[in-house]
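Trainee: Residue numbers (the UniProt record's numbering): 1 to 444. Beta carbons: idealized from backbone N, C-alpha and C, even for Gly. This is the structure I want to talk about, given as structure tokens.
Pasting the structure below:
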């Protein structure tokens with residue numbers, strides 16, 4: 001009977017008119033959210049598929065930016081079909097903050113809102129005041145318009161800002177009451193006020209002084225209301241790897257995590273890293289906050305998360321999270337795409353990621369290791385990256401990787417001081433559980 005009532009009520013809400021970007025789900029009912037990060041969306045006016053942009057992709061970090069528009073379309077189509085209570089995007093919405101990319105993405109997100117799914121966004125380090133914003137047309141790179149904080153808010157006004165229950169005056173942070181039992185805190189942790197032509201964007205993140213005052217006040221209200229806080233940001237709350245510290249984890253992460261824990265929070269969402277990874281922050285008193293760093297949507301296998309939060313109305317909740325790949329091939333078939341690459345886009349993307357994520361420094365590998373060992377090294381690195389970024393580098397997978405014939409080249413590279421070999425050794429050492437699912441019981 002409870003399920004029948006919930007389904008009927010959900011149908012009535014879906015039929016109701018939207019106000020801004022938000023809609024209320026039933027009080028104290030479970031909340032289901034879709035979460036993604038680091039789209040690095042590239043607008044059609046920014047690149048023309050020419051030689052220069054192709055080289056940017058092939059010599060980059062593995063992001064499939066040349067297909068990010070269909071990847072994004074496929075993902076948003078799945079969100080509309082799934083009808084979660086909201087979609088959360090934790091920053092780096094654009095490639096390098098191009099105004100044209102933001103505007104094009106916002107148009108797509110507005111259609112998701114119109115379909116009945118509220119969207120909540122926050123900026124990443126690439127999104128605002130980014131002096132690296134460029135166009136890549138033919139063989140020429142040229143400066144492009146970027147967005148200011150005010151323009152970012154205006155472009156995405158239908159995606160959180162106009163529907164916020166509380167706004168921070170010191171930043172683009174805001175809070176939305178998803179229902180009586182779950183309050184969402186979207187935190188802007190970007191020091192874009194430091195950006196200038198010689199320093200186009202910061203990598204690290206920090207909570208501004210004025211934001212602390214606002215956040216502490218709102219979290220206290222959340223606690224007094226018997227709700228649980230769900231916190232989202234771009235940089236990480238927990239330490240995900242000894243290789244990813246400065247510039248990845250928030251500079252004041254411990255203070256933020258303690259504040260969230262003191263107010264009953266147990267889960268945070270971030271991004272920034274690009275691999276799918278889950279890490280735990282724990283206080284000296286044993287309080288715990290899990291930080292889910294969503295894998296970049298621009299990186300194979302194009303993961304996004306689904307989380308169900310079941311609050312009890314007394315400041316406690318259970319959480320169930322799962323990451324799932326985006327099925328670009330299914331979207332292509334449904335929309336009549338004719339490019340043969342879409343026939344098995346996942347296989348294509350995996351191969352491209354394994355290749356492109358190892359291209360940086362390839363010449364140095366040959367110089368240090370010789371042709372044969374360099375080729376073996378890149379194969380091992382490609383396989384490690386495929387597993388790690390998909391959140392699938394378990395202990396068993398790591399053991400199989402180090403037992404492969406190509407891994408001997410990694411060990412020889414480490415002996416010769418190749419830094420990338422140390423990166424691979426760290427991944428293997430830290431391998432453990434699968435990072436695509438998480439269950440959290442109510443705090444006791």
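Name the DSSP bridge partner or partners of residue 309?
Mentor: By one-based count along the chain shown, residue 309 stands at place 309. For residue 309, which the question treats as bridged, DSSP gives the partners 31 and 319.
Trainee: Have a look at 158, 98 and 441 and flag the residue whose alpha-carbon is nearest the alpha-carbon of residue 118.
Mentor: Counted from its first residue, the chain shown places residue 118 at position 118. Residue 118 has its Cα closest to that of 158, out of 158, 98 and 441.
Trainee: Who are the near neighbours of residue 266 in its chain, counting only those whose CB is closer than 7 Å to its CB and skipping five residues on each side?
Mentor: Locating residue 266 in the chain shown gives position 266, where the first residue counts as 1. So the qualifying residues of the chain are 288, 289, 290, 319, 440 and 443.
Trainee: Just the C-alpha distance for residue 122 and residue 326, rounded to the nearest angstrom, thanks.
Mentor: For the purposes of this step, residue 122 is identified with residue 122 of the chain shown, where counting begins at 1. For the purposes of this step, residue 326 is identified with residue 326 of the chain shown, where counting begins at 1. Taking the straight line joining both Cα atoms gives about 22 Å.
Trainee: By Cβ distance below 7 Å, which residues in the same chain neighbour residue 21 in space, the five residues on each side in sequence not counted?
Mentor: Residue mapping note: residue 21 aligns to position 21 of the chain shown, counting from 1. Annotation note: pLDDT 44 at residue 21 (below 50); position unreliable, coordinate value reported separately. If we look at residue 21 and ignore the five residues flanking it on each side, its Cβ neighbours are 113, 118, 119, 158, 159, 160, 162 and 163.
Trainee: Does the distance from the C-beta atom of residue 145 to that of residue 132 stay below 8 Å?
Mentor: Position 145 of the chain shown, counted from the start, is the residue given in the question as residue 145. Position 132 of the chain shown, counted from the start, is the residue given in the question as residue 132. Not closer than 8 Å, so no.
Trainee: Using the three-state DSSP reduction, which class does residue 219 fall into: helix, strand or coil?
Mentor: Counting from 1 along the chain shown, the entry for residue 219 is found at position 219. In this structure, residue 219 counts as helix in the three-state DSSP scheme.
Trainee: Put residue 110 into one of helix, strand or coil per three-state DSSP.
Mentor: Here residue 110 is taken as the residue at index 110 of the chain shown, counted from 1. In the structure shown, residue 110 sits in a helix (DSSP, three-state: H, G or I).
Trainee: Report back the beta-carbon spacing between residue 388 and residue 275 to the nearest angstrom; my notes put them in contact at under 8 Å.
Mentor: Translated into the one-based positions of the chain shown, residue 388 becomes position 388. Translated into the one-based positions of the chain shown, residue 275 becomes position 275. Confirmed, about 5 Å.
Trainee: Using only the alpha-carbon positions, how far apart do residue 104 and residue 125 sit?
Mentor: Numbered from 1 along the chain shown, position 104 holds the residue referred to as residue 104. Numbered from 1 along the chain shown, position 125 holds the residue referred to as residue 125. Residue 104 and residue 125: Cα-Cα distance of roughly 19 Å.
Trainee: Measuring only the C-alpha atoms, how far is residue 237 from residue 338?
Mentor: Counting from one through the chain shown, the residue named residue 237 turns up at place 237. Counting from one through the chain shown, the residue named residue 338 turns up at place 338. Cα-Cα distance, rounded: 42 Å.
Trainee: Return helix, strand or coil for residue 447, following the three-state DSSP convention.
Mentor: Examination of residue 447 is not possible in this model, given that the chain is present from 1 through 444 alone.
Trainee: Under DSSP, the beta strand (DSSP E) around residue 177 begins and ends at which residues?
Mentor: Counting from one through the chain shown, the residue named residue 177 turns up at place 177. It spans 174-179 - the beta strand (DSSP E) in which residue 177 sits, taken as one unbroken run.
Trainee: What would DSSP say about residue 129, mapped onto helix, strand or coil?
Mentor: Counting from one through the chain shown, the residue named residue 129 turns up at place 129. Correct three-state label for residue 129: coil.
Trainee: Who are the near neighbours of residue 101 in its chain, counting only those whose CB is closer than 7 Å to its CB and skipping five residues on each side?
Mentor: Position 101 of the chain shown, counted from the start, is the residue given in the question as residue 101. Closer than 7 Å at Cβ, skipping near neighbours: 41, 42, 43, 46, 94 and 95.
Trainee: For residue 141, does the three-state DSSP call read helix, strand or coil?
Mentor: Indexing the chain shown from 1 puts residue 141 at position 141. Of the three classes helix, strand and coil, the one that applies to residue 141 here is strand, per DSSP.
Trainee: Using a 10 Å radius around the Cβ and a threshold of 16 neighbouring Cβ atoms, would you call residue 220 buried or exposed?
Mentor: Numbered from 1 along the chain shown, position 220 holds the residue referred to as residue 220. Flag for residue 220 reads exposed.
Trainee: Alpha carbon to alpha carbon, how far is residue 427 from residue 247?
Mentor: If you number the chain shown from 1, residue 427 lands on position 427. If you number the chain shown from 1, residue 247 lands on position 247. Their backbone Cα atoms lie some 18 Å apart in a straight line.
Trainee: Between residue 380 and residue 409, how many whole angstroms is the CB-CB distance? I'm expecting something under 8 Å.
Mentor: Numbered from its first residue, the chain shown carries residue 380 at position 380. Numbered from its first residue, the chain shown carries residue 409 at position 409. Sure, about 6 Å apart at Cβ, within 8 Å.
Trainee: Helix, strand or coil for residue 41, going by three-state DSSP, please let me know.
Mentor: Position 41 of the chain shown, counted from the start, is the residue given in the question as residue 41. Here residue 41 sits in strand by DSSP.
Trainee: Taking DSSP as the reference, what is the three-state secondary structure of residue 59?
Mentor: As a position in the chain shown, residue 59 is number 59, starting the count at 1. Looking at residue 59 - three-state DSSP - the assignment turns out to be coil, as it is neither helix nor strand.
Trainee: Report buried or exposed for residue 445, applying the criterion of at least 16 other Cβ atoms within 10 angstroms of its Cβ.
Mentor: Here the chain comprises residues numbered 1 to 444, so residue 445 is not present and cannot be evaluated.
Trainee: Quick check on residue 95: does DSSP put it in helix, strand or coil?
Mentor: Here residue 95 refers to the residue found at position 95 when the chain shown is read from its first residue. The answer is coil: DSSP assigns residue 95 none of H, G, I, E or B.
Trainee: Looking only at its chain, what residues have a beta carbon closer than 7 Å to the beta carbon of residue 24, apart from the 5 residues adjacent to it on each side?
Mentor: Residue mapping note: residue 24 aligns to position 24 of the chain shown, counting from 1. The pLDDT assigned to residue 24 is 48, lower than 50, so where the model puts this residue is not dependable; a value taken from the coordinates is nonetheless given after this. Excluding sequence neighbours, residue 24 sits near 179.
Trainee: Count the other CB atoms within 10 Å of the CB of residue 201; is the residue buried (16 or more) or exposed (fewer)?
Mentor: Your numbering for residue 201 matches position 201 in the chain shown. Residue 201 is buried by the Cβ-count criterion.
Trainee: How many Å lie between residue 340 and residue 176 at the Cα?
Mentor: The residue labelled residue 340 in the question sits at position 340 within the chain shown. The residue labelled residue 176 in the question sits at position 176 within the chain shown. Distance between the alpha carbons of residue 340 and residue 176 is about 43 Å.
Trainee: Under 8 Å: do the stretch 194-212 and the stretch 295-313 share three or more Cβ pairs, one atom per stretch?
Mentor: These segments do not touch.
Trainee: Quick one: what's got a C-beta closer than 6 Å to residue 358's C-beta in the same chain, skipping five residues either side?
Mentor: For this step, residue 358 is matched to residue 358 along the chain shown. Closer than 6 Å at the Cβ level, and outside the excluded window around residue 358, lie 378, 381 and 382.
Trainee: Three Cβ pairs or more, each shorter than 8 Å: is that satisfied between the stretch 145-155 and the stretch 51-64?
Mentor: These segments do not touch.
Trainee: Give the single residue among 38, 52, 29 and 62 whose Cα lies nearest to the Cα of residue 355.
Mentor: In the chain shown, the residue the question calls residue 355 occupies position 355. If we check each option's Cα against that of residue 355, 62 comes out closest.
Trainee: Less than 8 Å between C-beta atoms, sequence neighbours within five positions excluded: which residues of the same chain meet that for residue 518?
Mentor: Lying outside 1 to 444, the shown extent of the chain, residue 518 is not represented and no answer is given.
Trainee: Thinking C-beta only, is residue 228 closer than 8 Å to residue 512?
Mentor: One cannot answer for residue 512 here, as it falls past the ends of the chain, which runs 1 to 444.
Trainee: Tell me where the beta strand (DSSP E) around residue 262 begins and ends.
Mentor: Taking the chain shown and counting its residues from 1, one reaches residue 262 at position 262. Note, residue 262: premise wrong, no beta strand (DSSP E); alpha helix (DSSP H) at 253-262.
Trainee: Looking at C-alpha atoms only, which residue of 256, 321, 241 and 385 is the closest neighbour of residue 279?
Mentor: Position 279 of the chain shown holds residue 279. That would be 241, whose Cα lies nearest to the Cα of residue 279.
Trainee: Hey, out of 329, 394 and 284, whose CA is closest to residue 343's CA?
Mentor: Here residue 343 refers to the residue found at position 343 of the chain shown. Nearest C-alpha to residue 343: 329.
Trainee: Leaving out five residues before and five after residue 140 in sequence, what residues of the same chain have Cβ atoms less than 8 Å from its Cβ?
Mentor: Position 140 of the chain shown, counting from 1, holds the residue named residue 140. For residue 140, where only same-chain residues beyond five positions count, the Cβ hits under 8 Å are 52.
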